[in-house]
Amino acid sequence: MVVSEVSILDVPPLPGNPFDIRPIERSRAHEMVGCEGLLSTWREHMHAQSPRMVLLVGERGSGRTSLVNSLSSQTNHHFRGYLWHEEDPVNRFLSELSVTFCGHNLPNSMHQTVENLVESLDSLTGPLPLIVVDYPSDIEMSDFLVSVSPILQRLRAFVVVTLTNAQLSSMDEGTRALFHPVSYTHLRAHETLRYRVSPHML
193 MVVSEVSILD VPPLPGNPFD IRPIERSRAH EMVGCEGLLS TWREHMHAQS PRMVLLVGER
253 GSGRTSLVNS LSSQTNHHFR GYLWHEEDPV NRFLSELSVT FCGHNLPNSM HQTVENLVES
313 LDSLTGPLPL IVVDYPSDIE MSDFLVSVSP ILQRLRAFVV VTLTNAQLSS MDEGTRALFH
373 PVSYTHLRAH ETLRYRVSPH ML
């Protein structure tokens, strides 16, 4: 048998680097594997327009951000809060939400900001908007969540709050009760199982 040399030009290119440790972006949602059951359930809620708030718990590098980025591909209306503001984080968060869903004309009061958000999200059609709270793992989130959770509960949206186990354990029980049962991520960022390899890529 004669085996001819294989040129690098004969090998089809990969759509992404399978060893990349950065989170999967929403445009590459089809590459996310290992959480199909959870993603399927959440997608059903979004398409059925069934608002709810969920907690997604996992350590840094466990795939939380990849999962919510993949979920965001299901809707045209999405927000991900990931830049933490030490000074007045609640107002800054609500302002960012308002700019995303209501435009740049910010009201003068927090009350009016919240009412505008409720009205704007109520008027949207199609799959539910996605709101993700995805702040760094070292942030103390308990006081922030006590303040924003009752507001998020009023919004017609699918809300995901990502936490580490330590952040979850410091969460107020009354606030935690506002959320549906906790979902956990178990993937590690360097695992190639996150990437779907099709035959034409080999």
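Residue 383 in my numbering sits at position 191 of the sequence shown, with consecutive numbering throughout.
Using N, Cα and C, we set each Cβ at its ideal position, and we do this for glycine too.
None of the values given here were measured: they were computed from a predicted structure.
- Please report how far the alpha carbon of Ser-219 lies from the alpha carbon of Glu-228, in whole angstroms. Sequence index remark: in the sequence shown, residue 219 carries index 27 (1-based). Sequence index remark: in the sequence shown, residue 228 carries index 36 (1-based). Because the pLDDT at Ser-219 is just 45, under 50, the model does not fix this residue reliably, and the value given afterwards should be weighed accordingly. Looking at the two C-alpha atoms, the distance is approximately 17 Å.
- Item | For Thr-354 and Asn-300, the rounded distance between their alpha carbons | One-based indexing of the sequence shown puts residue 300 at position 108. One-based indexing of the sequence shown puts residue 354 at position 162. One C-alpha to the other measures close to 30 Å.
- Starting from Val-351, trace the alpha helix (DSSP H) both ways and give me its first and last residue. Counting from 1 along the sequence shown, the entry for residue 351 is found at position 159. Not the alpha helix (DSSP H): Val-351 falls in the beta strand (DSSP E), residues 350-355.
- Message: According to DSSP, is Pro-342 part of a helix, a strand, or is it coil?
- Response: On the sequence shown, position 150 is the one that residue 342 refers to. It is helical.
- Among Ser-258, Pro-281, Glu-288, Leu-247, the one whose alpha carbon lies nearest that of Phe-271: As a first step, residue 271 must be located in the sequence shown, where it is residue number 79. Nearest of Ser-258, Pro-281, Glu-288, Leu-247 to Phe-271, Cα basis: Glu-288.
- Please classify Gly-273: does DSSP put it in a helix, a strand, or coil? Looking up residue 273 in the sequence shown gives position 81. Strand at Gly-273.
- Message: Check whether the segment 317-328 and the segment 254-273 touch, using three or more Cβ-Cβ pairs below 8 Å as the test.
- Response: yes
- Message: Just to confirm before moving on: does the CB-CB distance between Leu-344 and Val-351 stay below 8 Å?
- Response: For the purposes of this step, residue 344 is taken as residue 152 along the sequence shown, with counting starting at 1. For the purposes of this step, residue 351 is taken as residue 159 along the sequence shown, with counting starting at 1. It is a contact, given that the beta carbons lie within the stated cut-off.
- Message: Starting from Met-302, trace the alpha helix (DSSP H) in both directions and tell me its first and last residue.
- Response: Position 110 of the sequence shown, counted from the start, is the residue given in the question as residue 302. Counting along the chain, the alpha helix (DSSP H) containing Met-302 begins and ends at 302-315.
- Item | Exposed unless 16 or more other CB atoms sit within 10 angstroms - verdict on Thr-356 | Translated into the one-based positions of the sequence shown, residue 356 becomes position 164. Buried is the call here.
- Message: Let's test the definition: count the other Cβ atoms within 10 Å of the Cβ of Ile-331 and tell me whether it reaches 16, buried, or not, exposed.
- Response: Counting from 1 along the sequence shown, the entry for residue 331 is found at position 139. By the 10 Å Cβ count, Ile-331 comes out exposed.
- Message: If contact is defined by three or more beta carbon pairs under 8 Å, each pair taking one atom from either stretch, is the segment 300-311 in contact with the segment 229-236?
- Response: no
- Residues near Asp-364 in its chain [Cβ-Cβ closer than 8 Å; skip 5 each side]: Locating residue 364 in the sequence shown gives position 172, where the first residue counts as 1. The residues are Ser-334, Leu-337, Val-338.
- Look at Leu-360 and Ser-341 and say whether their C-beta atoms are less than 8 Å apart. Position 168 of the sequence shown holds residue 360. Position 149 of the sequence shown holds residue 341. Taking 8 Å as the Cβ cut-off, Leu-360 and Ser-341 do not qualify as a contacting pair.
- Taking all protein chains shown into account, do 16 or more other C-beta atoms lie within 10 angstroms of the C-beta of Val-260, making it buried, or fewer, making it exposed? Mapped onto the sequence shown, residue 260 falls at position 68. Classification of Val-260: buried, given that the 10 Å Cβ count is 16 or more.
- How is Met-333 classed by DSSP in three states: helix, strand or coil? Sequence index remark: in the sequence shown, residue 333 carries index 141 (1-based). Met-333 falls in the coil class under three-state DSSP.
- Which one of Asp-326, Arg-346, Gly-366, Arg-252 has the shortest CA to CA distance from His-277? As a working mapping, residue 277 is identified with position 85 in the sequence shown. Nearest of Asp-326, Arg-346, Gly-366, Arg-252 to His-277, Cα basis: Asp-326.
- Item | Buried or exposed by the 16-neighbour rule on C-beta atoms within 10 Å, applied to Thr-377 | As a working note, residue 377 is residue 185 in the sequence shown. Burial call: buried.
- Who are the Cβ neighbours of Arg-348 in its own chain at under 6 Å, not counting the five residues just before and after it? To locate residue 348, count along the sequence shown from 1; it is residue 156. If we look at Arg-348 and ignore the five residues flanking it on each side, its Cβ neighbours are Pro-243, Leu-313, Asp-314.
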